[in-house]
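Novice:
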Amino acid sequence: MTFPRHRPRRLRSTPALRRLVAQTSLEPRHLVLPVFVADGIDEPRPIASMPGVYQHTRDSLRAAAAEAVDAGVGGLMLFGVPRDEDKDALGSCGLHPDGILNVALRDLAKDLGDETVLMADTCLDEFTDHGHCGVLDARGRVDNDATNAQYVKLALAQAESGAHVVAPSGMMDGQVAAIREGLDAAGFTDVVILAYAAKFASAFYGPFREAVGSSLQGDRRTYQQDSGNAREALREIELDLDEGADIVMVKPAMAYLDVVRAAAEVSPVPVAAYQVSGEYSMISAAAANGWIDGRAAALESLISIRRAGADIVLTYWATEAAGWLA
Ligand code: PBG
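To convert, note that position 302 of the sequence shown is 302 in the working numbering; the numbers rise steadily by one, no gaps.
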């Protein structure tokens, strides 16, 4: 009889030992809750493909935000859902001070002040009638530089409405530099840029398109990245760092954990990862069928994203998970 020389199980033998040696932590402050606020609805509207997630009214958003902040989440990421009749080719209702996203930012800034971190999606797709993340040229292609000019105005409107963080998610070249310059020139030197640096054209955004009532025909493959391209993701991250990104994000999270790891290894600034709608919906659907323990699977998925190297995780479970962790 020979005894095993190495016994890794020894450190697993009691809950207290396991807690002592736990390598990866998951705390409410690491989590950011994405929220949707819709114009022209009287009641929160459930999103069928994302059970438990709603398009909020201004009032229900305020309640959800207060609940998230009480639970200790790190921040809130706001998406606006305008009325269909307010959409146009330029996404003008995103820039308008009375547009739903800007109004909601002012509501939350008033309610919460600096108690949480208010972030705004700085993109046009929710506001354009064609559903693309930018403005189109005469041939119907997304015009990079004209889009950046529009993003600068959008970021300014969001900063004026109280956003602590603007989050350009459209994958235009030079968007971070343009926004930084525009914010600084207007005196918003403290407004943080969370750059969606490596954002892939992903099937996992499917439920989100319902969530924001997207008008998109076709796809976003001329601006979002191909899923196989890890080297290009690092290039995108390095460019955004060079342009002045304060935080860089990889999106989606679970199918791109290698990219999260690679970003964490090179980035001198915090790395975020976005656990997107499809990731949430898959686990929720399996749980609803009784095929999986939804809470355990959600927490395991969040730990996996942290383990890969994300400092910050955007997740639709943020408030609930904060409660589970308490
Ligand atoms: C675009 C945007 C998208 C998401 C966040 N911002 C969708 C897209 O690129 O089509 C997806 C988020 C999710 O799926 O949870 N502004």
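All C-beta atoms in this analysis are idealised placements derived from N, C-alpha and C, irrespective of residue type, glycine included. A quick note: this is a predicted structure, and the numbers were derived from the prediction, not measured.
Assign Lys153 to one of three DSSP states: helix, strand, or coil.
Specialist: Taking the sequence shown and counting its residues from 1, the one referred to as residue 153 is at position 153. In the three-state DSSP reduction, Lys153 falls in the helix class (H, G or I).
Novice: Cβ atoms of Val73 and Leu33: under 9 angstroms apart, would you say?
Specialist: By one-based count along the sequence shown, residue 33 stands at place 33. By one-based count along the sequence shown, residue 73 stands at place 73. Cβ atoms of Leu33 and Val73: closer than 9 angstroms.
Novice: Could you tell me how far apart the beta carbons of Leu105 and Gln158 are, in whole angstroms, since I believe they sit closer than 8 angstroms?
Specialist: Within the sequence shown, residue 105 is the residue found at index 105, counting from 1. Within the sequence shown, residue 158 is the residue found at index 158, counting from 1. Right, their Cβ atoms sit about 6 angstroms apart.
Novice: May I ask you to report which of helix, strand or coil DSSP gives Phe36?
Specialist: As a first step, residue 36 must be located in the sequence shown, where it is residue number 36. Three-state DSSP puts Phe36 in a strand.
Novice: In the DSSP assignment, find the beta strand (DSSP E) that holds Asp70 and state where it starts and stops.
Specialist: The residue you call residue 70 lines up with position 70 of the sequence shown. From DSSP, Asp70 is part of no beta strand (DSSP E) but of the alpha helix (DSSP H) over 58-71.
Novice: What is the DSSP secondary structure of Phe352, counted as helix, strand or coil?
Specialist: Nothing about residue 352 can be reported from this structure: the residues present for the chain run from 1 to 326 only.
Novice: Counting along the chain, where does the beta strand (DSSP E) carrying Pro168 start and finish?
Specialist: Position 168 of the sequence shown, counting from 1, holds the residue named residue 168. Where Pro168 is concerned, the enclosing beta strand (DSSP E) stretches over 165-168.
Novice: Check whether the region 90-105 touches the region 118-125, taking contact to mean three or more Cβ pairs, one atom from each stretch, closer than 8 angstroms.
Specialist: yes
Novice: Return the bridge partner residues of Lys251 from the DSSP annotation.
Specialist: Residue mapping note: residue 251 aligns to position 251 of the sequence shown, counting from 1. Beta-bridge partners of Lys251 (DSSP): Lys199.
Novice: For Val117 and Asp246, I'd like the C-alpha separation in whole angstroms.
Specialist: Residue mapping note: residue 117 aligns to position 117 of the sequence shown, counting from 1. Residue mapping note: residue 246 aligns to position 246 of the sequence shown, counting from 1. Rounded to whole angstroms, Val117 to Asp246 spans 14 angstroms at the Cα level.
Novice: Taking the beta carbon of Met1 as the centre, do at least 16 other beta carbons fall within 10 Å, making it buried, or is it exposed?
Specialist: By 1-based counting over the sequence shown, the position of residue 1 is 1. By the neighbour-count rule (16 or more Cβ atoms within 10 Å), Met1 is not buried but exposed.
Novice: So, Leu90 versus Ser161, is the Cβ gap smaller than 9 angstroms?
Specialist: Counting from one through the sequence shown, the residue named residue 90 turns up at place 90. Counting from one through the sequence shown, the residue named residue 161 turns up at place 161. It is not a contact, given that the beta carbons lie outside the stated cut-off.
Novice: Met172 by DSSP, collapsed to three states: which one?
Specialist: Sequence index remark: in the sequence shown, residue 172 carries index 172 (1-based). Reduced to three states, the DSSP call for Met172 is coil.
Novice: Once you ignore the five residues that flank Leu325 on each side, which residues in its own chain have a CB closer than 7 angstroms to its CB?
Specialist: In the sequence shown, the residue the question calls residue 325 occupies position 325. Cβ neighbours of Leu325 beyond the five flanking positions: Leu26, Glu27, Pro28.
Novice: Can you give me the start and stop residues for the beta strand (DSSP E) that Asp242 sits inside?
Specialist: The sequence position of residue 242 within the sequence shown is 242, counting from 1. Run containing Asp242: none in the beta strand (DSSP E); it sits in the alpha helix (DSSP H), 230-243.
Novice: Opposite Asp88 in the DSSP bridges: which residues?
Specialist: The count along the sequence shown starts at 1 and reaches residue 88 at position 88. According to DSSP, Asp88 bridges with Thr128.
Novice: Which residues bound the beta strand (DSSP E) around Tyr274?
Specialist: Walking along the sequence shown from the start, residue 274 turns up at place 274. Note, Tyr274: beta strand (DSSP E), 271-274.
Novice: Which same chain residues end up closer than 8 angstroms to Gly323 when comparing Cβ atoms and leaving out the 5 residues on each side of it in sequence?
Specialist: Here residue 323 refers to the residue found at position 323 when the sequence shown is read from its first residue. Closer than 8 angstroms at the Cβ level, and outside the excluded window around Gly323, lie Ala71.
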